[in-house]
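Working notes, structure below.
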Amino acid sequence: MSKVVIDHLARVEGHGGITVELEGDTVGSVQFDVFEGARLLEPLVRGKRYDEVAPVLSRICSICSAAHTLTSLKATENAFGVRVSPQTDLLRELMFRGESIESHALHLFLLAAPDYLNYPSAIALSADKPAVVMLGLRLKKLGNMIQETIGGRAVHPVNAVPGGFGRAPAIEQLIELRSALMQGVADSDAAMDVMASLPPAEFCHYDTVYAALRTPSLDSYYAGDEVMVVSDGSRAIVHATDYKTLSNERAVPHSHAKHSAFRDKPFMVGALARLTVNPRRVTGKLAVAKKRLKLQLPADNPMDNNKAQALELINDVERALEIIEQLLRAGVKDEPPVPIQPRAATGTAITEAPRGLLIHSYTYDAGGRITAADVITPTAFNAASMELHFRKAVEQSAERDDATLSRKLQMIARAYDPCISCSVHLLRRK
Amino acid sequence: MSKPTVGIFGLTGCAGDQLVILNCEDRLLDLVALIDVREFLMASSENDTACKLDLALVEGAVVSQRDADRLLAIRERAKILVALGTCAVWGGVAAMDRGADRRKLLEEVYGEQGFSYDTQATKALHEVVKVDLNITGCPIEKDHIVTAIANLLNGDLPVYPTYPVCTECRMQENNCLLMERGEICCGPITAAGCKARCPELRVPCVGCRGPVHDANPVSLAAMLAERGFDREAVATRLRTFSPEGVAQ
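First to last, the protein sequences are chains Y and S.
Count along the first sequence starting at 1, add 3, and that's the number in this note's numbering.
Count along the second sequence starting at 1, add 23, and that's the number in this note's numbering.
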């Protein structure tokens, strides 16, 4: 029996590896190993007052810290029956877009693209193709600028609080953002051109099940309480309060870890899943981009998640501009957060973090202290699907040498854009 | 002169301090041109994992034997070891486990399987190895890491504020959230350097940068008790980012 082992995945967030066992031509066990330390934040947050929960649980992950913060607030507000103002809803969606722009730019240009062009890093790539790396950094900066303006800080935002915001952005700040986003329109088009020019990565085809937030407007990362699962042309809807049917942890024969599955099938979350679940979102400019990227929906190649992120970059910039126009038209009010009346209750929130579905579910006591917290992250949802795609890639590979297999496995892992700090509590197994 | 060799590492944490380095978008390419980055797993798949390092930047806390072993190996290789961020400097949010029954918490999250994991009580870096410089913050401030590298390249140590967030907040003439609005604000005992980012936005300080030198949490707790907050509520707030008794 031989083994392909990737000890420590590079160019991803956190500490993980891949182990594939081969018996002759047969693929034995396939494992996505996570050896990130256990921080036990869910039990440690117990006893905190409702306004202290988001600042602790945002620390689950830096790249998704805005999504963790806002999903945490949504869960808390759902528990207490708080309705935030329309302005707060818009500002939160804008924060999500900023985070998505930053995260996708970081992933596509600094983590994923070097693979396609055979460079070990974006730093190495910048020696030969400085314009490409500068383009990625400019988009990344744009995303951070939105997060700083609205959230008060690019990593672990501070301005979003239960009931609203500490301080609303000034009109001048929004106007400044608008000009930066104008440049972002051109840059996101250019980013799509870069992605369309990369060599194809056709080494894993499989009918994939997708899950994403079902949103009333077809295009929201923040609003909505239902998940849609798309499998083989059929669709199923799961409400937030039934989220455990999605995360129903199942024991898998090849390891001691438990994985997420829906009706016994692993599913993929993230940009590709969002486009598959809400295909009507892809109109106008996005339809043109989809054609340029040669992206078929539903896709059977997990590498297409990179293309989907490129498409979303265009969409996120457009949507952020729309939101700013809307805010400028309505005028930004310096409104205090909605007052919170704690009560003993449970609240669950579902959103779309850059890497896919994110769930926070909390129970509070009558004094507004948290008694239980459950967080399910995109990478935890994706783990079973990643292993499935690793297996298919090895089975479908004509070349079986370590270097080729290892390269393919790492590229698939990166296409999922895993966030291993996030995933820890469902996956840890070393 | 050859460029100094640098390694950038993450132990257990959220990778936020490494992300802040990558977030120096305007200065990133200039910055890496001045140094020779030999190991940076989050950003590169080609790493020299054995070479001697002039400078090791380490974020995250020590939460497993694997973390401890990695940290000892990094210390062995590095002339200067810098603790990056509140987790590395103080233990951070994971260090809320101090005084808790870790075995029980593990069982709660992972079931009995948790007992087989490589996991230990959370430690700051200085509790395991000698640390040459602390850059605190959750996450660190961009300017602080850029200044640190610039100073170290010239053989100097950077200087950071030794006063509390309160001082920065007063300099910006904000209304006091603690005295005037009666909110639990950690500004009086938290290390400055963030330009009082939170109170500036009318959000009370949560103490994410860890305690200021000479912090007097007892006096703050007494003052809050006088204003009617219960002691337990104040204690949980003050202990979120740095446990008691992690002296530097």
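Backbone N, C-alpha and C define an ideal beta-carbon position, used for all residues, glycine too.
Using a Cβ-Cβ cut-off of 8 angstroms, state whether Y/P282 counts as contacting chain S.
Position 279 of the first sequence, counted from the start, is the residue given in the question as residue 282 of chain Y. Taking Cβ atoms only, chain S never reaches closer than 8 angstroms to Y/P282, which makes this a no.
How long is the line joining the alpha carbons of Y/A57 and Y/H71, rounded to whole angstroms?
Counted from its first residue, the first sequence places residue 57 of chain Y at position 54. Counted from its first residue, the first sequence places residue 71 of chain Y at position 68. Spanning the two alpha carbons is a distance of roughly 7 angstroms.
Could you tell me whether the Cβ of S/G114 comes closer than 8 angstroms to any Cβ of chain Y?
Reading the second sequence from its first residue, position 91 is the one you call residue 114 of chain S. It does not; no Cβ of chain Y falls within 8 angstroms.
Bridge partners for S/D59 per DSSP, in chain order?
Here residue 59 of chain S corresponds to residue number 36 of the second sequence, with the count starting at 1. Answer is S/T28, bridged to S/D59.
Taking 8 angstroms as the threshold (C-beta atoms), are Y/P165 and Y/E475 in contact?
This structure gives no information on residue 475 of chain Y, because the portion of chain Y shown stretches from 4 to 433.
Measuring only the C-alpha atoms, how far is Y/R417 from Y/R358?
Position 414 of the first sequence, counting from 1, holds the residue named residue 417 of chain Y. Position 355 of the first sequence, counting from 1, holds the residue named residue 358 of chain Y. Approximately 11 angstroms, taken between the alpha carbons.
Helix, strand or coil for S/T263? Go by DSSP, reduced to three states.
On the second sequence, position 240 is the one that residue 263 of chain S refers to. In the structure shown, S/T263 sits in coil (DSSP, three-state: anything other than H, G, I, E or B).
Please report how far the alpha carbon of Y/D36 lies from the alpha carbon of Y/R62, in whole angstroms.
Numbered from its first residue, the first sequence carries residue 36 of chain Y at position 33. Numbered from its first residue, the first sequence carries residue 62 of chain Y at position 59. C-alpha separation (whole angstroms): 22 angstroms.
For S/E203, which residues in chain Y fall below 8 angstroms Cβ to Cβ?
Translated into the one-based positions of the second sequence, residue 203 of chain S becomes position 180. Correct list: empty, because the minimum Cβ distance to chain Y is about 15 angstroms.
Between S/R61, S/L45, S/P27, which has its C-alpha nearest S/D77's C-alpha?
By one-based count along the second sequence, residue 77 of chain S stands at place 54. It is S/P27 whose Cα lies nearest to the Cα of S/D77.
Cβ pair Y/A130, Y/P117 closer than 8 angstroms
Position 127 of the first sequence holds residue 130 of chain Y. Position 114 of the first sequence holds residue 117 of chain Y. No; because the gap between Cβ atoms is not below 8 angstroms, this pair is not in contact.
Closer than 8 angstroms to chain S by CB, Y/H259
What you label residue 259 of chain Y is simply residue 256 of the first sequence in a count that begins at 1. Confidence is the limiting factor: at Y/H259 the pLDDT is only 38, short of 50, which leaves the residue's position unreliable, though a coordinate-based value still follows. So, interface residue.
From the beta carbon of S/P18, is the nearest beta carbon of chain Y less than 8 angstroms away?
The first residue shown for chain S is 24 and the last is 271, placing residue 18 of chain S beyond what the model contains.
On a CA-only basis, which of Y/N318, Y/A347, Y/A199 is nearest Y/I468? Give me that one, please.
What is shown of chain Y runs 4 to 433, which leaves residue 468 of chain Y out entirely.
Could you tell me the alpha carbon to alpha carbon distance between Y/L43 and Y/T407, rounded to whole angstroms?
Taking the first residue of the first sequence as position 1, residue 43 of chain Y is located at position 40. Taking the first residue of the first sequence as position 1, residue 407 of chain Y is located at position 404. Looking at the two C-alpha atoms, the distance is approximately 37 angstroms.
Less than 8 angstroms between CB atoms is the rule here; does Y/R95 satisfy it with respect to chain S?
Reading the first sequence from its first residue, position 92 is the one you call residue 95 of chain Y. Cβ-Cβ to chain S under 8 angstroms: no for Y/R95.
Check the Cβ-Cβ distances between S/D120 and every residue of chain Y, and say whether any is below 8 angstroms.
Along the second sequence, read from residue 1 onward, the residue named residue 120 of chain S stands at position 97. Judged by the 8 angstroms Cβ criterion, S/D120 is in contact with chain Y.
For Y/L331, count the other beta carbons within 10 Å of its own beta carbon; 16 or more makes it buried, fewer makes it exposed. Which is it?
Position 328 of the first sequence, counted from the first residue, corresponds to residue 331 of chain Y. So Y/L331 ends up on the exposed side.
Compute the Euclidean distance between the alpha carbons of Y/R14 and S/D71, then round it to the nearest angstrom.
Residue mapping note: residue 14 of chain Y aligns to position 11 of the first sequence, counting from 1. Residue mapping note: residue 71 of chain S aligns to position 48 of the second sequence, counting from 1. Answer to the nearest angstrom: the Cα atoms are 15 angstroms apart.
Please name the residue in Y/E151, Y/N147, Y/F112 whose C-alpha comes closest to that of Y/K132.
For the purposes of this step, residue 132 of chain Y is taken as residue 129 along the first sequence, with counting starting at 1. Residue Y/F112 is the option with its Cα nearest to Y/K132.
To the nearest angstrom, how far is it from the Cα of Y/D307 to the Cα of Y/L180?
The residue you call residue 307 of chain Y lines up with position 304 of the first sequence. The residue you call residue 180 of chain Y lines up with position 177 of the first sequence. Taking the straight line joining both Cα atoms gives about 30 angstroms.
What residues of chain S sit near Y/A125, judged by a beta carbon separation below 8 angstroms?
Working through the first sequence from its first residue, we reach residue 125 of chain Y at position 122. Here the neighbours are A66.
Using a threshold of 8 angstroms, state whether the C-beta atoms of Y/I423 and Y/G17 are closer than that.
Here residue 423 of chain Y is taken as the residue at index 420 of the first sequence, counted from 1. Here residue 17 of chain Y is taken as the residue at index 14 of the first sequence, counted from 1. Taking 8 angstroms as the Cβ cut-off, Y/I423 and Y/G17 qualify as a contacting pair.
Could you check which residue in Y/P172, Y/L289, Y/L391 has the C-alpha nearest to that of Y/K336?
For the purposes of this step, residue 336 of chain Y is identified with residue 333 of the first sequence, where counting begins at 1. Looking at the Cα atoms, Y/P172 is the closest of the given residues.
Contact check, S/P187 vs S/G216 under 8 angstroms by CB: the rounded distance?
Counted from its first residue, the second sequence places residue 187 of chain S at position 164. Counted from its first residue, the second sequence places residue 216 of chain S at position 193. Their Cβ separation, rounded to whole angstroms, is 10 angstroms, which puts S/P187 and S/G216 out of contact at 8 angstroms.
With a cut-off of 8 angstroms, does the C-beta of Y/V158 fall near any C-beta of chain S?
As a working note, residue 158 of chain Y is residue 155 in the first sequence. So, interface residue.
The alpha helix (DSSP H) that contains Y/H71, what's its start and end?
Within the first sequence, the letter at position 68 stands for residue 71 of chain Y. Note, Y/H71: alpha helix (DSSP H), 68–83.
Among S/E203, S/M246, S/D59, S/R232, the one whose alpha carbon lies nearest that of S/E225:
Taking the first residue of the second sequence as 1, we reach residue 225 of chain S at position 202. It is Arg, not Glu, that sits at residue 225 of chain S in the sequence shown. Checked all of S/E203, S/M246, S/D59, S/R232; the closest Cα to S/R225 is S/E203.
Taking Y/R170 as the query, report the chain S residues whose CB atoms sit under 7 angstroms from its CB, ordered along the chain.
On the first sequence, residue 170 of chain Y is found 167 positions in, with the first residue counted as 1. Within chain S, the residues near Y/R170 are L224, R225.
DSSP three-state label for S/C110, please.
As a working note, residue 110 of chain S is residue 87 in the second sequence. Helix.
At 9 angstroms on the CB atoms, spell out the chain Y contacts of S/G30, in chain order.
Counting from 1 along the second sequence, the entry for residue 30 of chain S is found at position 7. Those within 9 angstroms of S/G30 in chain Y number zero; the least Cβ separation is about 14 angstroms.
Quick check: what's the CA-CA separation for S/T145 versus S/V229?
In the second sequence, residue 145 of chain S corresponds to position 122, counting from 1. In the second sequence, residue 229 of chain S corresponds to position 206, counting from 1. When rounded, the distance between both Cα atoms is 20 angstroms.
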